């Protein structure tokens with residue numbers, strides 16, 4: 001499974017756009033890129049998933065360049081409640097083995 | 113919105129004792145997972161379960177661990193003889209067959 005690298009921590013302010021970049025140089029052809037959010041003492045929560053180009057949902061956008069060796073999670077206009085750890089994961093959606101291999105994630109602190 | 117539930121929320125046990133952590137996945141989901149997260153560390157895959165059998169397990173999931181789906185709804189993780197290093201948050205997750213893993217709120221296991 002592909003290993004991911006992302007910044008350990010980031011700081012931002014309310015109302016700003018936050019971009020968290022993840023590198024995954026060894027991503028396989030069948031792998032998707034998935035981002036999860038985790039608050040302290042809670043289970044991770046799915047944010048967004050993509051394979052290539054751009055994906056947008058009601059909470060975030062995911063930008064994936066053509067070589068797919070990196071991806072950027074974009075959170076528009078963050079609020080204090082977006083303070084959390086954000087994990088970038090790669091893996092495939094096929095078959096009955098879809099375990100996720102987690103890194104340390106990016107700890108985002110949103111300040112007033 | 114349906115959600116994964118886990119009981120108990122916090123379990124304190126003495127070293128060497130057996131514990132059973134319980135999870136109720138979302139009905140009609142097909143794939144089930146257990147993960148653990150030691151305080152301040154990354155989420156670690158333990159085991160995946162599909163079609164009433166283990167599909168993959170990590171090196172952490174040794175003979176002290178077992179999983180069952182005894183009644184078609186509950187999904188349990190048993191640790192036969194707990195060690196101090198088993199202290200962690202244990203998360204259950206389930207997938208309907210698509211891309212998103214739905215995580216439960218976790219059980220905090222404290223081994224003294």
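Residue numbers (the numbering used here), protein chains in the order written: chain A, 1 to 112; chain B, 113 to 224.
Just so you know, even glycine gets a beta-carbon here, dropped at the ideal spot from N, CA and C.
Note that the structure is predicted; figures quoted are calculated from it, not measured.
Spatial neighbours of residue i in its chain, beta-carbon cut-off 7 Å, leaving aside the 5 residues before and after
| i | result |
| --- | --- |
| residue 68 of chain A | 27, 52 |
| residue 162 of chain B | 142, 143 |
| residue 86 of chain A | 20, 35, 37, 73, 105, 106, 108 |
| residue 196 of chain B | 127, 223 |
Among the options, the one whose alpha carbon lies nearest that of residue i
| i | options | result |
| --- | --- | --- |
| residue 74 of chain A | A/5, A/22, A/32, A/4 | A/22 |
| residue 39 of chain A | B/218, B/222, B/223, B/224 | B/218 |
| residue 186 of chain B | B/127, B/131, B/139 | B/139 |
| residue 48 of chain A | A/56, A/100, A/92 | A/56 |
| residue 121 of chain B | B/202, B/214, B/207, B/189 | B/202 |
| residue 25 of chain A | A/81, A/54, A/71 | A/71 |
| residue 54 of chain A | A/14, A/46, A/60, A/64 | A/64 |
| residue 175 of chain B | B/181, B/198, B/192, B/212 | B/192 |
| residue 4 of chain A | A/110, A/100, A/17, A/111 | A/100 |
| residue 166 of chain B | B/154, B/181, B/153, B/136 | B/181 |
| residue 29 of chain A | A/77, A/111, A/6, A/50 | A/50 |
| residue 220 of chain B | B/136, B/183, B/204, B/171 | B/204 |
| residue 112 of chain A | A/7, A/78, A/13 | A/13 |
Neighbouring residues, chain A, relative to residue i (Cβ below 9 Å)
| i | result |
| --- | --- |
| residue 212 of chain B | 34, 46, 49 |
| residue 216 of chain B | 43 |
Same chain, Cβ closer than 6 Å to residue i, five either side skipped, listed in chain order
| i | result |
| --- | --- |
| residue 209 of chain B | 142 |
| residue 150 of chain B | 200 |
| residue 189 of chain B | 133, 146, 179 |
Chain-ordered neighbours of residue i on chain A, where CB pairs are closer than 7 Å
| i | result |
| --- | --- |
| residue 187 of chain B | Near residue 187 of chain B there are no residues of chain A at all, since even the closest Cβ is about 14 Å away, more than 7 Å. |
Check: residue i C-beta below 7 Å from any heavy atom of the ligand SAH
| i | result |
| --- | --- |
| residue 41 of chain A | Although the ligand SAH was asked about, the structure shown includes no ligands whatsoever. |
Same chain, Cβ closer than 8 Å to residue i, five either side skipped, listed in chain order
| i | result |
| --- | --- |
| residue 102 of chain A | 87, 89 |
| residue 96 of chain A | Unreliable placement is indicated for residue 96 of chain A, whose pLDDT of 49 sits below 50; no coordinate value is reported for it. |
Next on the checklist: Tell me which residues of the segment 143 to 154 of chain B have at least one Cβ-Cβ distance to chain A shorter than 9 Å, keeping chain order.
Outcome noted: The segment 143 to 154 of chain B vs chain A, Cβ under 9 Å: 143, 145, 147, 149, 153, 154.
Checklist entry - What are the residues of the segment 194 to 206 of chain B that lie near chain A, defined by any Cβ-Cβ distance shorter than 9 Å? => result Within the segment 194 to 206 of chain B, the qualifying residues are 201, 203, 204, 205.
Item to check | Proximal residues, the segment 167 to 178 of chain B versus chain A, C-beta separation under 9 Å | outcome: Per Cβ criterion, the list reads 167, 168, 170.
Item to check | Unbroken stretches of the beta strand (DSSP E), 3 residues or longer, contained in the segment 118 to 172 of chain B | outcome: Listed in chain order, the complete beta strand (DSSP E) runs (minimum 3 residues) inside the segment 118 to 172 of chain B are 122 to 125, 131 to 136, 143 to 149, 155 to 162, 165 to 169.
Item to check | Sequence ranges, beta strand (DSSP E) only - wholly within the segment 10 to 87 of chain A, length at least 3 | outcome: Entirely contained in the segment 10 to 87 of chain A, the beta strand (DSSP E) runs reaching 3 residues are, in chain order, 18 to 23, 32 to 38, 45 to 50, 53 to 56, 61 to 64, 70 to 75.
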